[in-house]
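The structure appears right after this line, and notes come after that.
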Amino acid sequence: MGRHAGRGVSQAGPSLFYRMRTRALVLAQRALATHGPIEHRGVSLVVAPGVHHPAPFLGLGFGALQEAALDLLAPGASVLELGTGAGFWALSAARRGFEVTATELPHVPLGPVAEASERMGVRVRLLHSDLFAGLGGLRYDAILFNPPFHDAEARSTEELAWCGGAVVRRCLAEAPRHLRAGGALYMILPRLDRERYGDGLAGWSVRVAASRWYPLIGRAELLALR
Ligand SMILES: C[S@@+](CC[C@H](N)C(=O)[O-])C[C@H]1O[C@@H](n2cnc3c(N)ncnc32)[C@H](O)[C@@H]1O
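Residue numbers (my numbering): 99 to 324.
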């Protein structure tokens, strides 16, 4: 695929430092990621070729932040994960008894996630959908998103997993229409990238629910947005 057309444009162009950091992190992800079966925090997954690896390197993975979000949910909550990739967050939520729907872009195979849910004996509704497009007017108690947080245009299908400032902005704009009263959007953003989304975050009440320092990425935060 050629250059992916972004649907939103950042207010100011990224600095040279930011662009270099994006390229370095994308190259690191690409170099470290492998595909095949993995065991990630007690969940058996299969990472298909070209699918984002949830933990490509020792210490590099947002599993702890993702579990911290699930700790905050009320029993039986309805949960939507956007961009589930290999499925860790959605499957972990289903394992805890939440009612889970998970989406992905059409080029990402959802078969491995479906097979993992069968192995685990849990139910996840899976569908291909560009963010909320395939969900009609459905609303959820919690929306989970580990987004393609680099504020840059993807240069290939593979990079859609990491580069998507326009996707982050669209999610921030559209999520309120898919939350139930009292619900929250849980989004993972490195602190350095969060600065890029000030306009989109302005309408939300933002709470840092958990944070961790990661090699290469710096401090990443689980934001609870209401
Ligand atoms: C950083 S990866 C996270 C994958 C997985 N949730 C995880 O935590 O390991 C971002 C994911 O969002 C997906 N994605 C990107 N743009 C999307 C969109 N417009 N709608 C749905 N998913 C999208 C990508 O395909 C990718 O799998």
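Glycine residues also receive a C-beta, built at the ideal position from the N, C-alpha and C atoms.
Computed from a prediction, not measured in an experiment: that's the story for all the values here.
C-alpha of L208 to C-alpha of G161: approximately 20 Å in a straight line. Cβ neighbours of P313 within its own chain (closer than 7 Å, five residues either side excluded): G157 and L158.
Less than 8 Å separates the beta-carbon of F247 from that of P288.
In this structure, R310 places its C-beta atom within 8 Å of the C-beta atom of L163. Nearest to G301 by C-alpha distance, out of A175, H150, R267 and L130, is R267. Between the C-alpha atoms of A167 and A307 there is a straight-line separation of about 8 Å. A distance below 6 Å between beta-carbons, with the five flanking residues on each side excluded, links S227 to the following residues of its chain, in chain order: T201. For R194, same chain residues with a beta-carbon under 7 Å away, outside a window of 5 residues either side, are L168 in chain order. Residue range L114 to L130 is occupied by the alpha helix (DSSP H) that includes T120, with no beta strand (DSSP E) assigned at that position. Secondary structure of P135 (DSSP, three-state): strand. If only complete runs of 4 or more residues are kept, the segment 179-266 shows the alpha helix (DSSP H) at 186-193 and 209-218, in order along the chain. Per DSSP, E319 lies in no alpha helix (DSSP H) segment; the continuous beta strand (DSSP E) that holds it begins and ends at G316 to L323. Between V222 and A184, the gap from beta carbon to beta carbon reaches 8 Å or more. Around the Cβ of P173, a 10 Å sphere holds fewer than 16 other Cβ atoms; the residue is exposed. Restricted to the segment 138-182, the beta strand (DSSP E) segments that are unbroken, complete and at least 3 residues in length are 141-145 and 176-180, listed in chain order. Between A214 and L143, the C-beta spacing is below 8 Å. Taken through DSSP and simplified to helix, strand or coil, P288 comes out as strand.
At a threshold of 7 Å, F196 does not count as near ligand 1, since its beta carbon sits no closer than that to any of the ligand's heavy atoms. When DSSP states are grouped into helix, strand and coil, A271 belongs to the helix group.
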